[in-house]
Amino acid sequence: MKEKEEADPARSRWGHLLNKIGLGRLKHRLFGREKISSREETEKRVLETIEDAVGSKEIDFEEDEKEMIHSIFELGETTVKEIMIPRVDMVCAEVNTELQHLRELAKEKGHSRFPVYREDIDNILGIATVKDLLFVDDFSETRLEALIRPTFFIPESKKIDELLRDMRKKKMHMAIVLDEYGGTSGLVTLEDILEEIVGEIEDETDKQPPPIRKLDERSYRVDATLSIKDLNEAIGSQLSEEEFETVGGLIYDLAGSLPEEGYSVEHQGMRFIVEEVVGQRIETVRVVFLREEVSPDEETSTDVSS
136 MKEKEEADPA RSRWGHLLNK IGLGRLKHRL FGREKISSRE ETEKRVLETI EDAVGSKEID
196 FEEDEKEMIH SIFELGETTV KEIMIPRVDM VCAEVNTELQ HLRELAKEKG HSRFPVYRED
256 IDNILGIATV KDLLFVDDFS ETRLEALIRP TFFIPESKKI DELLRDMRKK KMHMAIVLDE
316 YGGTSGLVTL EDILEEIVGE IEDETDKQPP PIRKLDERSY RVDATLSIKD LNEAIGSQLS
376 EEEFETVGGL IYDLAGSLPE EGYSVEHQGM RFIVEEVVGQ RIETVRVVFL REEVSPDEET
436 STDVSS
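Structure follows, in structure tokens:
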């Protein structure tokens, strides 16, 4: 993926919102009062201006624009762990990988950056980019180690608004997430953060099916990596968002171990049926409402994106 292309939708939509809000409002909020003493106070006043504009009847905001603005408010409350690509889904390259193989991997996965590790994924050396790979004349004479660019490491608890500032300052598009023991927990990209603001960014390499597919009036096929929050919003369930982050995490807890395909369990008026397990992870789950009174809205569309 080309990160510049990924950033353009967010930039254009944000510019459109600023035009609606009006620079005059921002100037008055920032310079029409007493002297501002800190960057935090500046940010606070900007957000106050936007909040006032959103609540104002004199400016007609589209629903997706309101959602985008509220998503920006939530950046300071969202942690990296909530949006990162988990360790089991990371596509990495061992430092001794041949460049020809890396090129084939890039074509297959559609990624533009790969974490490079030595011996173990907990020992990340840096990042290799497809852009650098394109400038290699002779793959047989060049080692992957020569193409490694530095990366930076962040804790799971880091807030994504802080990470966005760090990425802009360091001019990096990917960071490696570490758990409390210093092991690799996952990775996060600039696109992951942008998607928290503008929604899913798709391109020609995105071939994944929708995370939720409605099967009939009371049942859904769900990607196990879907967050409990998104599931609740999509189908009207009321599962605890504090106890578990994903549907897969909920199933693991209810089962007490890795369940087999066909495993079924009832929880809070719903039946969860494990449909697909690959290796040590649950891939898809069928969710069936058992009681009519908690049945989701019949007007829910066939495909629901997160």
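Here this note's numbering runs 135 ahead of the position in the sequence shown, where the first position is 1. The beta-carbon is built from N, C-alpha and C at its ideal position, and this holds for glycine as well.
Exclusion of the five residues before and after Leu366 leaves Ile347, Val357, Ser372, Leu374, Val382 and Val422 as the residues of its chain whose Cβ lies within less than 8 Å of its Cβ. Distances from the alpha-carbon of Leu282 to those of Val413, Val323 and Arg248 put Arg248 closest.
Contact between the stretch 293–301 and the stretch 229–245 is absent: fewer than 3 CB-CB pairs across the two stretches fall below 8 Å. Glu217 and Glu380 do touch by the CB rule: their CB atoms are close to 7 Å apart, below 8 Å. Within the stretch 276–316, the complete beta strand (DSSP E) segments at least 3 residues long are 288–290 and 309–313, listed from N- to C-terminus.
Of the candidates Lys294, Glu352 and Glu326, the residue whose Cα lies closest to the Cα of His246 is Glu326. In this structure, Pro394 places its C-beta atom within 7 Å of the C-beta atom of Val409. DSSP places Leu350 outside both helix and strand once states are collapsed to three, so it counts as coil.
By the CB criterion at 7 Å, Gly318 and Val312 fall outside the cutoff. With fewer than 16 other Cβ atoms inside 10 Å of its own Cβ, Leu269 counts as exposed.
In the three-state DSSP reduction, Leu322 falls in the strand class (E or B). Excluding sequence positions up to five before and after Thr286, its CB lies within less than 6 Å of the CB of Gly261, Ile262 and Ile311, all in the same chain and listed in chain order. Contact annotation: Arg416 and Val223 have beta-carbon atoms nearer than 7 Å.
For the 7 Å CB-CB criterion, Ala359 and Glu276 do not form a contact. For Tyr355, the pairing in a beta bridge is given by DSSP as Lys349 and Val422. The beta carbon of Val400 sits closer than 6 Å to those of Leu389 and Phe407, all from its chain and outside the five residues before and after it, given in chain order. When Glu411, Phe424 and Val230 are compared, the shortest CA-CA separation from Met405 is found for Phe424. Counting along the chain, Asn258 sits inside the beta strand (DSSP E) bounded by residues Asp255 to Thr264.
It is roughly 27 Å from the alpha-carbon of Met309 to the alpha-carbon of Glu376.
Residue burial annotation: Glu368 is exposed, with fewer than 16 other C-beta atoms found within 10 angstroms of its C-beta. When Ile370, Glu315, Tyr398 and Ser362 are compared, the shortest CA-CA separation from Tyr355 is found for Ile370.
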